[in-house]
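Everything below concerns the one structure shown next.
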Amino acid sequence: MRLLALLTVAVSARAVLLRTSGIYTLNIGPGLLLTHKNASSPVTAAAPASSSPDQAWSVIVDPSAKTATLQNVLTRFYVAESPSSTLTASNESFAWNFSDASVGRIGGFCAGTLCITLATNSSIGTLTLAPKSEQAIQTFNASPAPPPTIPPQGTYEIRNAASGRIISLFLLDPFLTSFPVRDRSGLWVVNQQGGDPSSILLRNYDSSGFLAVDGDNNVVGAREQYFWTVDFIEGLGQVLRSANVSSDTLTASPEETLVLGPAVDESSAWVFYPIDGNPFLP
């Protein structure tokens, strides 16, 4: 019930302009969220549910082109237009055009003249592609996914918004490397832990070391669990704060090293890309 309440708040009070990449819930129609339950199911709109990863989306925004890709965090499938001009789930990325309808609202996700539309002549939650129309239900709200779905548990690449590089860990030495990931040292398993629902652990998929901060405030790898908190800043995206030094953020320095400091800009914004780690296993 608590998570349902949190999701309801996300649908209404926390809608933001879609300017930055991040993990969002996407509301269409009367309190329904864009949903993808499994690889064989269609993309639908459904009521907020307690098992929310199927309603969390990694939205990668190109603000200059006003396009976005919509990748489901649970299934890792993208919302796409099929060759027959129908709405489908695809394992290949697909860029949707979008425009602002009003503050916190998206005029629609469209491909050419066709937009994602909530069907009114069939069962509740059915989505189709239909011509853009003011009479059709095509407007979305984008809301940063609330705890504990920032981000949902899973395996990710964690990419810096300024440099475009991802966090990796060799043995217990963290560093930044090129995107996309080449080996499992650049993959991170995210788990929620502790009493704070926005508190997460970042465990490296290769070495099982945790991203941490030592007693001198250096960013290091550690064998012991270390907690980070996730904060969403409108116009910037998601930032990671040390649970022990909450005033500082994890930042990519100009020298392309990881530091903990007071910066709150693109160098301290991180984008979580859901990824299947199994192909990287030996």
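Just so you know, the sequence shown maps onto residues -15 to -1, 1 to 267 in mature numbering (1 follows the signal peptide of the UniProt record, and there is no 0).
For every residue, glycine included, the Cβ atom is placed at its ideal position computed from N, Cα and C.
Note that this is a predicted model, so its numbers are computed, not measured.
Determine the direct distance from the alpha carbon of residue j to that of residue i, and round the result to whole angstroms.
i: Phe257; j: Ser43; result: 7 Å
i: Ala(-1); j: Asn176; result: 25 Å
i: Pro165; j: Gly92; result: 31 Å
i: Ala147; j: Ala86; result: 28 Å
i: Pro133; j: Ala121; result: Because Pro133 sits at a pLDDT of 47, beneath the cut-off of 50, its placement in the model cannot be relied upon, and the following sentence gives the value as read from the coordinates. Cα to Cα, the separation comes out at about 33 Å.
i: Ala130; j: Thr236; result: 22 Å
i: Leu3; j: Ile13; result: 15 Å
i: Asp216; j: Gly194; result: 23 Å
i: Tyr190; j: Ala30; result: 33 Å
i: Asp39; j: Phe125; result: 17 Å
i: Arg90; j: Trp255; result: 23 Å
i: Ala74; j: Cys100; result: 15 Å
i: Trp173; j: Asn202; result: 21 Å
i: Leu17; j: Ile260; result: 26 Å
i: Gln178; j: Asn229; result: 15 Å
i: Leu59; j: Ala41; result: 8 Å
i: Pro48; j: Ile8; result: 16 Å
i: Ser25; j: Pro239; result: 44 Å
i: Phe160; j: Gln210; result: 19 Å
i: Val64; j: Gly200; result: 44 Å
i: Asp168; j: Phe265; result: 6 Å
i: Thr71; j: Pro137; result: 29 Å
i: residue 301; j: Pro15; result: Any question about residue 301 goes unanswered here, given that the chain covers just -15 to 267.
i: Leu11; j: Gly246; result: 32 Å
i: Phe62; j: Asn76; result: 5 Å
i: Asn34; j: Leu154; result: A small correction: the amino acid at residue 34 is Ala; Asn does not occupy that position in the sequence shown. One C-alpha to the other measures close to 35 Å.
To which residues does DSSP link residue i through a beta bridge?
i: Pro259; result: Tyr141
i: Phe164; result: None, per the DSSP bridge assignment.
i: Ser7; result: Looking at the sequence shown, residue 7 is not Ser but Gly. The partner list for Gly7 (beta bridge, DSSP) reads Val44.
i: Phe94; result: Phe83
i: Ala207; result: Phe195
i: Ser184; result: Thr214
i: Gly246; result: Thr234
i: Ala24; result: In DSSP, Ala24 forms no bridge with anything.
i: Gln178; result: BP columns for Gln178 are empty, so no partner.
i: Gly222; result: Ile218
i: Asp158; result: Phe155
What first and last residue would you give for the beta strand (DSSP E) that runs through residue i?
i: Tyr63; result: Tyr63 to Glu66
i: Asp216; result: Phe212 to Ile218
i: Phe265; result: Neither: Phe265 is in no beta strand (DSSP E) and is coded neither H nor E.
i: Ala74; result: Leu72 to Ser75
i: Pro129; result: Phe125 to Pro129
i: Ile122; result: Counting along the chain, Ile122 falls outside any beta strand (DSSP E), and DSSP gives it neither H nor E.
Sorry if obvious, but does the Cβ on residue i come closer than 6 Å to a heavy atom of the ligand SAH?
i: Phe160; result: This structure does not include the ligand SAH; it has no bound ligands of any sort.
> Taking one C-beta from the stretch 54 to 64 and one from the stretch 80 to 100 each time, how about it: are there three or more such pairs within less than 8 Å?
Replying inline: yes
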